[in-house]
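Protein chains: 2
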Amino acid sequence: MTKSNQPRDFAGLRNLIVARAQDLPRRLTQVATYALQNPDEIALGTVASIAQQADVQPSALVRFSQSLGYQGFSELQEVFRSRLRDRVLNYDERLAQLRGHSQIVGTSALVFDGFTEAAQKSIASLREKLDPQQLERAVELLAGAETIYLIGLRRSFPISSYMAYAFGKLGVRNVLVDATGGLAAEVASFASHKDAGLAISFTPYASETVALAQQLAQREVPVVAITDSPFSPLVPIARLWFEVQESNFEGFRSMAATLSLAMTLTVAVAERARKG
Amino acid sequence: MTKSNQPRDFAGLRNLIVARAQDLPRRLTQVATYALQNPDEIALGTVASIAQQADVQPSALVRFSQSLGYQGFSELQEVFRSRLRDRVLNYDERLAQLRGHSQIVGTSALVFDGFTEAAQKSIASLREKLDPQQLERAVELLAGAETIYLIGLRRSFPISSYMAYAFGKLGVRNVLVDATGGLAAEVASFASHKDAGLAISFTPYASETVALAQQLAQREVPVVAITDSPFSPLVPIARLWFEVQESNFEGFRSMAATLSLAMTLTVAVAERARKG
DNA sequence: CAGGGTTTGGAATATCTGTTCCATTTTCAT
DNA sequence: ATGAAAATGGAACAGATATTCCAAACCCTG
Numbered sequence: 003m004t005k006s007n008q009p010r011d012f013a014g015l016r017n018l019i020v021a022r023a024q025d026l027p028r029r030l031t032q033v034a035t036y037a038l039q040n041p042d043e044i045a046l047g048t049v050a051s052i053a054q055q056a057d058v059q060p061s062a063l064v065r066f067s068q069s070l071g072y073q074g075f076s077e078l079q080e081v082f083r084s085r086l087r088d089r090v091l092n093y094d095e096r097l098a099q100l101r102g103h104s105q106i107v108g109t110s111a112l113v114f115d116g117f118t119e120a121a122q123k124s125i126a127s128l129r130e131k132l133d134p135q136q137l138e139r140a141v142e143l144l145a146g147a148e149t150i151y152l153i154g155l156r157r158s159f160p161i162s163s164y165m166a167y168a169f170g171k172l173g174v175r176n177v178l179v180d181a182t183g184g185l186a187a188e189v190a191s192f193a194s195h196k197d198a199g200l201a202i203s204f205t206p207y208a209s210e211t212v213a214l215a216q217q218l219a220q221r222e223v224p225v226v227a228i229t230d231s232p233f234s235p236l237v238p239i240a241r242l243w244f245e246v247q248e249s250n251f252e253g254f255r256s257m258a259a260t261l262s263l264a265m266t267l268t269v270a271v272a273e274r275a276r277k278g
Numbered sequence: 003m004t005k006s007n008q009p010r011d012f013a014g015l016r017n018l019i020v021a022r023a024q025d026l027p028r029r030l031t032q033v034a035t036y037a038l039q040n041p042d043e044i045a046l047g048t049v050a051s052i053a054q055q056a057d058v059q060p061s062a063l064v065r066f067s068q069s070l071g072y073q074g075f076s077e078l079q080e081v082f083r084s085r086l087r088d089r090v091l092n093y094d095e096r097l098a099q100l101r102g103h104s105q106i107v108g109t110s111a112l113v114f115d116g117f118t119e120a121a122q123k124s125i126a127s128l129r130e131k132l133d134p135q136q137l138e139r140a141v142e143l144l145a146g147a148e149t150i151y152l153i154g155l156r157r158s159f160p161i162s163s164y165m166a167y168a169f170g171k172l173g174v175r176n177v178l179v180d181a182t183g184g185l186a187a188e189v190a191s192f193a194s195h196k197d198a199g200l201a202i203s204f205t206p207y208a209s210e211t212v213a214l215a216q217q218l219a220q221r222e223v224p225v226v227a228i229t230d231s232p233f234s235p236l237v238p239i240a241r242l243w244f245e246v247q248e249s250n251f252e253g254f255r256s257m258a259a260t261l262s263l264a265m266t267l268t269v270a271v272a273e274r275a276r277k278g
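Heads up: the protein sequence lines correspond to chains A and B, in order.
When the letters of the first sequence are read in order and numbered with our numbering, they come out as residues 3 to 278.
When the letters of the second sequence are read in order and numbered with our numbering, they come out as residues 3 to 278.
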């Protein structure tokens, strides 16, 4: 017991339970079956509530956890919770998880693993949340503009600069309002109501981005925003806005979902503009 | 208070929070923002742990819940938990299921679907192919450099500009060699063998990128390359190179995998450099 | 700038939760 | 059938948790 190889991730624990289930005492097998069939209950319930539903004593749950090598039920429950949690394991947890898998090849591999997982999760989550009609409206709005003003600084600059490049290739008139030369405000002042703006900003919202978007809005230029919360300062300014929540690893936010949305907007707008 | 219209489902609660957030006291607004941005933490954390992460007092969480009409925090938490229960599948399971069926509404949704699919595929494939030892060597090489010269134009510019931004934040000396002002060649001529270059280029390889990388290599500056084929003109120049094959949709290449690799390099290099 | 109400921090408290322990029952080898 | 070992139930306990409460700080309004 306490073999120190207790899995920290759900997949591993699942395998362990399946493997050990048959040569466990009767009550504990009962717990094992229940656990695999109701993982959400294990994750969210209390010892008492789970025991009642699984028709065992609370102590059986603790014993079950211990027989799997965990210190107590709470430790096992943490693994079930990680399955529900939209959080990429951190550095140490990742290390712990890889122990024994014998593919520890270096710390940068861990970082890579973390970032790719964060990217996958971000994209999956956006895919679930994005409202297609909202997307359609945004495309329509932007496609109708004479010129599209792209606003994205700091972390969002890669996104806006990508769009500027791609729009250029696709023959869509656009202006990348960036900070080089400090002419941003002047550039934005050329915009009219026939144009449109696309502002991208995430916590902590760069004040220049917000100011520029505001400037456009005041000139009655419709603005589409990509941001990360309903409380973003871009939201009250924007005609339409998208909420993109990126998973993060070690405090660094993935940008995969935002980039995918940006590419979508670029291509869809270009297509729409060409057709009508 | 206790208006008996407290939502029991997450969507309703979300709307309520968004609506009420602005006319709540300062601390409670802070809680509202945190709650919407970290719903999983609210669902799974304890009052103490959440309070710490949101940087408020535990009592603020209870007050927040009550001001929304709930009896206490636990009641509010139950709603956040229901959201996790309803989400039947976890990310990996969902990822597998997404393949193929997704109800598509408009044509732009189709584009979105295509791009996210391409991004997911690219990341998955890089995850399989990437050699951890190669990654480790690249990190070591770059971390040892006095200054890192970042070369990426056109389509690769978002990547290199992201790295420049992140390196800057992390205190790693770097120069983004871009085309603005036509001074690229001069900038690159400052590099010495104590520095390192990172060149990013994909088909059709921008001639300036290749030329700049070549210039660095001739000055005995070691160059790490990110490119898409063993036949890339960067390969013979580079000390080390990564092959990143991005899936494409309608001829537009995803950049998700490249971006993930770029983020990995940035963070891993910064960490390595800090340690020595 | 004074005085009212509101908001906030932080300690005190009452409740709930996981865990332990031990007497009782079951199981199984002899 | 018998005794030892393992498993089980259930109550007792220790610790953690949500909640309450009150004094201090903070805003406004007049």
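Don't be surprised by glycine CBs; every beta carbon is placed ideally from N, CA and C.
Spatial distance of Glu138 of chain B from Gln55 of chain A (CA atoms): About 49 Å.
Gly74 of chain A burial status per 10 Å Cβ neighbour count (16 or more: buried): Exposed is the call here.
Integer Cβ distance of Val237 of chain B from Thr229 of chain B, believed to fall under 8 Å: Between Val237 of chain B and Thr229 of chain B, the beta carbon gap of about 7 Å places them in contact (Cβ cut-off 8 Å).
Beta carbon of Ala258 of chain A nearer than 9 Å to that of Gln122 of chain A: Less than 9 Å separates the beta-carbon of Ala258 of chain A from that of Gln122 of chain A.
Residue-level contact to chain B via CB, Ser262 of chain A, 9 Å cutoff: Answer yes: the Cβ-Cβ gap between Ser262 of chain A and chain B drops below 9 Å somewhere.
Proximity below 9 Å, CB of Val177 of chain A to CB of Ala166 of chain A: Going by C-beta atoms, Val177 of chain A is nearer than 9 Å to Ala166 of chain A.
Stretch-stretch touch, CB-based, cutoff 8 Å, three pairs: the region 127-145 of chain B with the region 258-276 of chain B: Contact between the region 127-145 of chain B and the region 258-276 of chain B is established, with three or more Cβ pairs separated by less than 8 Å.
Closer than 7 Å at the beta carbon, the chain B residues around Ala111 of chain A: Those are Pro134, Leu137, listed as they occur along chain B.
Limits of the unbroken alpha helix (DSSP H) element including Thr109 of chain A: First-last of the alpha helix (DSSP H) with Thr109 of chain A: 109-131.
Validate contact between the region 108-127 of chain B and the region 250-264 of chain B using beta carbons, cut 8 Å, 3 pairs: Verdict: yes, contact present.
Any chain A beta carbon closer than 9 Å to Thr229 of chain B: No, its Cβ sits nowhere closer than 9 Å to a Cβ of chain A.
Closest Cα partner of Met265 of chain B within the set A:Leu18, A:Ser163, A:Phe254, A:Ala219: Among A:Leu18, A:Ser163, A:Phe254, A:Ala219, the Cα nearest to that of Met265 of chain B is on A:Phe254.
Spatially closest choice to Leu18 of chain B from B:Leu132, B:Arg87, B:Gln220, B:Tyr72, by CA coordinates: Nearest option by C-alpha distance: B:Tyr72.
Anticipated Cβ contact below 8 Å, Ala2 of chain B with Leu242 of chain B, distance rounded: Nothing can be reported for residue 2 of chain B: it is not among the residues displayed for chain B, which extend from 3 to 278.
Beta-ladder partner(s) of Glu245 of chain B, from DSSP: Paired residue(s): B:Thr229.
Cutoff 9 Å: Glu188 of chain B Cβ touching any chain A Cβ: Cβ-Cβ to chain A under 9 Å: no for Glu188 of chain B.
Nearest residue (CA-CA) to Ser271 of chain A, options A:Thr149, A:Ala208, A:Glu252, A:Arg10: For the sequence presented, residue 271 of chain A should be read as Val rather than Ser. Cα-wise, what sits closest to Val271 of chain A is A:Thr149.
Under 8 Å (Cβ pairs) to chain A, residues found in the region 162-178 of chain B: Contact annotation: in the region 162-178 of chain B, residues whose CB is within less than 8 Å of a CB in chain A are Ser163, Tyr164, Tyr167, Ala168.
Proximal residues of chain B, C-beta to C-beta of Asp94 of chain A below 8 Å: Within 8 Å Cβ-Cβ: nothing; Asp94 of chain A doesn't reach chain B, min ~14 Å.
Residue of B:Thr35, B:Ile161, B:Arg65, B:Leu38 minimising C-alpha distance to Val49 of chain B: Of the residues B:Thr35, B:Ile161, B:Arg65, B:Leu38, the one whose Cα lies closest to the Cα of Val49 of chain B is B:Arg65.
Interface flag, Thr67 of chain A vs chain B, CB-CB below 9 Å: Note that residue 67 of chain A is Ser in the sequence shown here, rather than Thr. When Cβ-Cβ separations below 9 Å define contact, Ser67 of chain A makes no contact with chain B.
Proximity test, Cβ basis, 9 Å: Glu77 of chain A and chain B: Glu77 of chain A has a beta carbon lying at 9 Å or more from every beta carbon in chain B.
Min CB distance Gln73 of chain B to chain A below 9 Å: False, the Cβ-Cβ gap to chain A never drops below 9 Å.
Contacts of Ala23 of chain B in chain A (Cβ-Cβ under 9 Å): Residues of chain A whose Cβ lies closer than 9 Å to the Cβ of Ala23 of chain B are, in chain order, Pro232, Phe233.
Extent of the continuous beta strand (DSSP E) run through Tyr151 of chain A: Residue range 150-153 is occupied by the beta strand (DSSP E) that includes Tyr151 of chain A.
Partner residues on chain B for Val141 of chain A, Cβ-Cβ distance less than 7 Å: For Val141 of chain A, the chain B residues whose C-beta falls within less than 7 Å of its own C-beta are Ser110, listed in chain order.
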